[in-house]
Amino acid sequence: MEIASSLTSHKFHHNQTCPSLKPTPSISCTLNNGTSKVTQIDKYEVGRAYRLIKANHITSNSRKYVPNSSFSKARQLAILDIQQASHLELALSRSGEILKAQDLNVVLRNFGNLNRLKELSQLFNWMEQRGKTNIATYSGYIKFMRSSLTPVQVLDIYNNIRDESVKNNVSVCNAILDFLIKNRKFDNSFKLFDQMKRDGLIPDTVTYSTLLAGCAKVKGGYSKAMQVVQDLKYSGLRMDGVIYGTLLSVCASNHECEEAERYFNQMKCEGHTPNVFHYSSLLNAYSVGGNYKKAEELVQEMKSVGMELNKVCYFSHFL
DNA sequence: ATAGGGTTAG
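Written out as C-alpha cells, the structure reads:
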C-alpha cells in the first residue's frame, strides 16, 4: 500500500528535512528504578560473551557447542550497554551488531518511555540503515514520536518501508492513523482508513477506536462517529471497553447526553464493567447537558462501587 | 506481541 498524499502539499515542506525534536526532558525516576539493579556491567562478562558470539559467527556450524544462555546473556548486556551509553553511536557500533530487531526494540521502547527522543530517532535511523526493523519498530517509533515528527516525515518513513508485510500490517497503519489524529489531520485519517480497506487490510477494534477518538475532537463528529460504529458492526467486530469509552467521549463533546447514557447502559448489558474512564465521560456528558441531578447520582454510584474520583470527575462535577 | 479512550482557559 502506498500512502499518496495531499499531505505533501506545500505547507509542510518547510519542515521536511529537519526533525522538530523536543529537548530531552529529565529522566523519570520510576522508569529508572527498573533498570538500576543491573546498572553495573561486568566488563569481563561482556568480553566473554562477545567472544562466544564471535566464535559462533566464524564457525556457523558450531552453534550447538555454544550454550544458548550465553547468547541471551550477551544480548542483555548489549541492550544495557546501549541504554546506558553516554555516546549512543559508539555504543551501537560496539554492541549493536549482535542484536536483533526485537532486542533493539527493547532499547527503542526504553528511550521512548524516558522521552529520550533525540536518541530514539538516532537509534531508529541506525536500525533502518541495517534493516534491523520489524512491525513493532515502526508502530512504536511512530507512537513515541507523535508530537515530534511532521506528517510528511511520518509518511516518508512509511513509504520507505521495503518489507511489504510490515507495510501492510494493521498495527503500523493504526499507529499512523493515530499520529494523523493527534496532529488533527482528520480528513487524512479517514482517507488512510479508506485506503486501508481498498488495499485489503482488515481494520480491527484499534482502528475503529482511533477513528472515533478523532470524531471526539472534531465539530459535528457525532454523526461521523455513528458512521464509524455502523462500519464496525458491519465488519463483524464487537464493541469493547475502549470503543465504548471513546464513544462516550464523542457523546459528551457533542452534547449527546441521552446517547451517552444509552451507550453506558448498553456496555454494562454486554458485560463490560465501566471504569473511571467511562464514569467520568458519562459524568462529563451529564454536566455539559446541565443534568446535575443525574451527575450527582452518578457520583454517588461511583462512590458506592468504591471508585476513586479523578480530576475529570471533579471538573465535571463543579461545572 | 507491536497500535486505541476523557475536561478547561488562551
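For the first sequence, full-length UniProt numbering assigns the number 1 to the initial residue and increments by one for each residue that follows. Just so you know, even glycine gets a beta-carbon here, dropped at the ideal spot from N, CA and C.
Residue range 151-159 is occupied by the alpha helix (DSSP H) that includes ILE157.
Secondary structure at THR137: helix, using DSSP grouped into helix, strand and coil. Membership of ASP204 in any alpha helix (DSSP H) is not indicated, and neither H nor E is assigned to it by DSSP.
Its chain contains ASN174, LEU177, ASP178, ILE181 as the residues whose beta carbon lies nearer than 7 Å to that of THR210, once the 5 sequence neighbours on both sides are disregarded; these appear in chain order. Residue environment analysis places ILE202 among the exposed positions, since fewer than 16 neighbouring C-beta atoms fall within 10 angstroms of its C-beta. Burial check for ASN310: the Cβ neighbour count within 10 Å stays below 16, so the residue is exposed. ILE142 places its beta carbon less than 8 Å from that of VAL154. Close CB contacts of PHE186 within its chain, under the 8 Å cut and outside five residues either way in sequence, are with LEU180, GLY214, LYS217, VAL218 (chain order).
Secondary structure of MET127 (DSSP, three-state): helix. A direct Cα-to-Cα measurement between TYR279 and MET302 gives close to 8 Å. Close CB contacts of HIS255 within its chain, under the 7 Å cut and outside five residues either way in sequence, are with VAL288, GLY289 (chain order). By the 16-neighbour rule on beta-carbons within 10 angstroms, LYS293 is exposed.
Here the alpha carbons of HIS87 and ASN265 stand approximately 55 Å from one another. Between ILE98 and ARG75, the C-beta spacing is below 8 Å. Excluding residues up to 5 positions away in sequence, nothing lies with its Cβ nearer than 6 Å to the Cβ of ILE157 in the same chain. In this structure, DSSP gives HIS278 a helical state, which the three-state scheme calls helix.
Counting the other CB atoms within 10 Å of its CB gives THR273 a total below 16, which places it among the exposed residues.
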